[in-house]
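Engineer: Remember, the working numbering sits 269 above the position in the sequence shown when you count from 1.
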Amino acid sequence: MSEVLLQASDLHKRFGDLEVLKGVDLKIHKSEVVTLIGPSGSGKSTLLRCLNLLEIPNEGELVWNGEPLPYNRMTPAEICKHRARTGMVFQHFNLFPHRRVIENVMEGPLTVLGEARGEAETTAHQLLDRVGLADKAKAWPSELSGGQQQRVAIARALAMNPNVLLLDEVTSALDVELIAGVNDLLAELAREGMTMVVVTHDLSFARRVSHRVCFMDEGRIVERGPKDEVIENPQAERAREFMAALTS
Ligand SMILES: Nc1ncnc2c1ncn2[C@@H]1O[C@H](COP(=O)(O)OP(=O)(O)O)[C@@H](O)[C@H]1O
Ligand SMILES: [Mg+2]
270 MSEVLLQASD
280 LHKRFGDLEV
290 LKGVDLKIHK
300 SEVVTLIGPS
310 GSGKSTLLRC
320 LNLLEIPNEG
330 ELVWNGEPLP
340 YNRMTPAEIC
350 KHRARTGMVF
360 QHFNLFPHRR
370 VIENVMEGPL
380 TVLGEARGEA
390 ETTAHQLLDR
400 VGLADKAKAW
410 PSELSGGQQQ
420 RVAIARALAM
430 NPNVLLLDEV
440 TSALDVELIA
450 GVNDLLAELA
460 REGMTMVVVT
470 HDLSFARRVS
480 HRVCFMDEGR
490 IVERGPKDEV
500 IENPQAERAR
510 EFMAALTS
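1. Measuring CA to CA, which of F484, L515, K407 and P378 is closest to C349?
2. Nearest-angstrom Cα distance between S271 and S414?
3. Suppose the cutoff is 8 angstroms on Cβ atoms and the five residues either side in sequence are ignored; what does the same chain contact list for I325 look like?
4. Taking C-beta to C-beta, are S479 and V302 nearer than 8 angstroms?
5. Output needed for A277: all residues of its chain with C-beta closer than 6 angstroms, excluding positions within five of it in sequence on either side, in chain order.
6. Considering only C-alpha positions, which residue in the set F362, P431 and L290 is nearest to I490?
7. State yes or no: is the C-beta of G462 nearer than 7 angstroms to some heavy atom of ligand 1?
8. List the endpoints of the continuous alpha helix (DSSP H) containing A456.
9. Confirm, please, whether the CB-CB distance from G329 to D279 is below 8 angstroms.
10. Could I get the ranges of all uninterrupted beta strand (DSSP E) runs contained in the segment 337 to 384, with 3 residues as the minimum, in chain order?
11. How should D398 be labelled, buried or exposed, when 16 other C-beta atoms within 10 angstroms of its C-beta is the threshold for buried?
12. What three-state label does DSSP hand V273 in the structure shown?
13. Nearest to L436 by CA position, among L454, L317, Q417 and S311, is which residue?
14. From D497 to A449, what distance separates their C-alpha atoms?
15. Shorter than 7 angstroms, the distance from the beta carbon of D437 to the closest heavy atom of ligand 2, or not?
16. Going by Cα to Cα distance, which pick from C483, A475, N502 and N432 is closest to D453?
17. Strictly by DSSP, which residues pair up with K291?
18. Relative to ligand 2, is the shortest distance from any of its heavy atoms to the C-beta of S314 smaller than 7 angstroms?
19. Mapping the DSSP letters down to three states, classify M485 as helix, strand or coil.
20. Which residue comes first and which comes last in the beta strand (DSSP E) that contains L305?
21. Note the first and the last residue of the continuous alpha helix (DSSP H) segment covering M465.
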């Protein structure tokens, strides 16, 4: 197995009295695709947001590439740098509606990485080509289908040259016929060696693309292992019920 890129140990996150993560341990190896599956409210999004430091954990350890991430003592600039290398893609795309597609992809490199406009534009065109939307550079987000908007959002995340992509139910808001285009793109990125943590309810995607599956329930990973074991033959009662409901 390759080196560990990102590791969480005994991670806790509370919102007021509500403890949402109750001690999560997770290792993500380089070029590995890990799927997180679990019921609504089990803490999947919060876990991704803590890995990305969009949320600051309350307790526990995060290690990036062998170096501890002292999240309580990091400067805004250091947190910003960590967010850039852990690209997040959301269910509802979150594109800027008043900016053209290409400008959405250029935004991060221009404002966060301080790239020159020409350089950012060249990269953005390459990325739009890669996600199959070369001809949509000048379009407005509202002129695209949901599937196309999501592929723009993936291009926007890739523009930051991340070491890992964190994908939070990125096909859940899409019509069925648009899901395949996004899944095919993610499968291609996986083949090229992109490290990914994928929250999804799409078991066929998990079977096809992921290496390992973690099942979350009530703020903990209650089962983990190779995809075949966790999806086809889960041991935890809650995981068995959940997989059965998804496949029925
Ligand atoms: N910013 C927040 N403030 C308060 N509660 C939150 C916040 N974010 C998430 N929660 C709560 O944390 C729990 C887990 O949420 P979430 O991580 O979104 O779960 P999942 O993605 O598995 O559905 C839910 O009960 C949710 O209401
Ligand atoms: Mg969620």
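Where is the CB? At the ideal position from N, CA and C, for every residue including glycine.
Structural biologist: Walking through what the data contain:
1. The option with the nearest alpha carbon to C349 is P378.
2. 37 angstroms
3. The answer, listed in chain order, is C319, Y340 and N341.
4. yes
5. V293, L295 and L331
6. L290
7. no
8. V445 to R460
9. yes
10. The qualifying runs are 355 to 358.
11. exposed
12. Annotated three-state conformation of V273 is strand, per DSSP.
13. L317
14. 21 angstroms
15. yes
16. A475
17. H281
18. yes
19. strand
20. That run of the beta strand (DSSP E) goes V302 to I306.
21. Premise fails: M465 lies in the beta strand (DSSP E), T464 to V468, not in any alpha helix (DSSP H).
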